[in-house]
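Protein chains in written order, with this note's numbering: chain A, 1 to 197; chain B, 1001 to 1197. Have a look at the structure below, then the notes.
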DNA sequence: GTCTATAGGTGGATAGAC
DNA sequence: GTCTATCCACCTATAGAC
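This is the structure:
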């Protein structure tokens, strides 16, 4: 693996282990096995390194979401989006935390890359589109798509954050994924049009 | 106000403004208007100060939740719990972030006070009780109360975190509270027993 | 591209005077 | 209880040799 790749890889590990407060160029250099100076040949400064991490995270996240489009019906595509969301959060917990759970101030970051912001919006638009499809197909209440998308996002993000904060340590991965399925069931129930009575 | 109170007050402000990375004893002392040394007369060290902050936060949070018990029916008590949750999150955003959104590692904390952990569990038990009531009254599907409570908590926590991370800045407080009401509606719909068809 | 050496800064915490 | 003075650890970042 190239040094630049190793730096990014170890950055993720370091962030997970020590948290944002414990992330330092010196500590990183030690893990990578070079002197701190060497890092500055690959990244302009600390902010640039973290920005790259964020950027790659969103890029990767997008590819997870796109998988959901192979679903055959709008409702299935919405559900697969939810599953893709948790796939990403569980397989890349450090990136997820960095992208969605860490205020910039906590990273000591002054500015966030514009492209990261744009990708964040893109993610939300993707979800809004899934909701619009469902409304058009009559499998979801006809409420403002953005409000519904926010509700869905909040629900999956809430569960993912609780998990990644270590507050559900008593559940093994299988049990957690079962709860994810339950959550997605509940989300669908919350969106379902009133049934004929 | 006594110095000790002022220290705690300014700690919250400092955490909100600068994030956990920007929280330092020196910066705090400057805000309070004393020298850093003086802080150590009131708190053994940085960890003890943050632990006190956490502890008071949970204590205050409990008092918010208890208001919900004035509801007349199980469903109303559940809904009022949700409202109380957001009341606390919006009125004490720095405490909320500290209690529910910040991994200990990000604070540079080695250990979390046991009483904070216990209060966290207590909070969850409160919610489980609200759910159990609803199940007993037949207004909620008869599923595992803990799983249902986790779902409800994840949903409100998700929305609160997104809000406090500044990602819904385009909504003013009134608009946000409207969305809260919408979210609570959706939660109730997701818990409702299948209606007779 | 990586090193040694170093500048310049911030942080937690304590000793001892008042 | 609060101050001045201070110690020591750790941080980001750069200059210049190899």
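We put the beta carbon where it would ideally sit given N, CA and C, even for glycine. In this text the structure is predicted, and so the values were computed from the model without any measurement.
Query, Result
"Looking only at its chain, what residues have a beta carbon closer than 6 Å to the beta carbon of residue 12 of chain A, apart from the 5 residues adjacent to it on each side?", "94"
"Would you report the Cα separation of residue 1158 of chain B and residue 1104 of chain B, rounded to the nearest angstrom?", "19 Å"
"Output needed for residue 15 of chain A: all residues of its chain with C-beta closer than 6 Å, excluding positions within five of it in sequence on either side, in chain order.", "23, 94"
"Using a Cβ-Cβ cut-off of 8 Å, state whether residue 12 of chain A counts as contacting chain B.", "no"
"Between A:176, A:152, A:7, which has its C-alpha nearest residue 163 of chain A's C-alpha?", "A:176"
"Got a sec, what are the start and stop residues for the alpha helix (DSSP H) residue 1195 of chain B sits in?", "No alpha helix (DSSP H) contains residue 1195 of chain B, which DSSP labels as neither H nor E."
"Compare the Cα-Cα distances from residue 134 of chain A to each of A:188, A:120, A:21, A:27 and report the closest residue.", "A:188"
"So is residue 174 of chain A buried or exposed if we call it buried at 16+ other beta carbons inside 10 Å?", "exposed"
"Let me check understanding here. Comparing Cα to Cα, which of A:195, A:42, A:98 lies closest to residue 19 of chain A?", "A:98"
"Check whether the Cβ atoms of residue 1147 of chain B and residue 182 of chain A sit closer than 8 Å, and answer yes or no.", "yes"
"Flag residue 1020 of chain B as yes if its beta-carbon sits less than 8 Å from any beta-carbon of chain A, otherwise no.", "yes"
"From residue 1079 of chain B to residue 1002 of chain B, what distance separates their C-alpha atoms?", "38 Å"
"If we call anything under 8 Å between Cβ atoms a contact, is residue 1149 of chain B one with residue 1128 of chain B?", "yes"
"Taking 8 Å as the threshold (beta carbon to beta carbon), is residue 25 of chain A in contact with chain B?", "no"
"Suppose the cutoff is 6 Å on Cβ atoms and the five residues either side in sequence are ignored; what does the same chain contact list for residue 215 of chain A look like?", "Past the edges of chain A, shown from 1 to 197, lies residue 215 of chain A, and the structure says nothing about it."
"Label residue 137 of chain A either buried or exposed according to how many other C-beta atoms from any shown protein chain fall within 10 Å of its C-beta, with 16 as the threshold for buried.", "exposed"
"Please report the distance separating the alpha-carbon of residue 51 of chain A from that of residue 1082 of chain B.", "36 Å"
"Under a Cβ-count criterion, where at least 16 other Cβ atoms within 10 Å of its own Cβ denotes burial, should residue 1032 of chain B be classed as buried or exposed?", "buried"
"Do the CB positions of residue 1215 of chain B and residue 1086 of chain B come within less than 8 Å of each other?", "Coverage of chain B is limited to positions 1001 through 1197, which leaves residue 1215 of chain B absent and any answer about it impossible."
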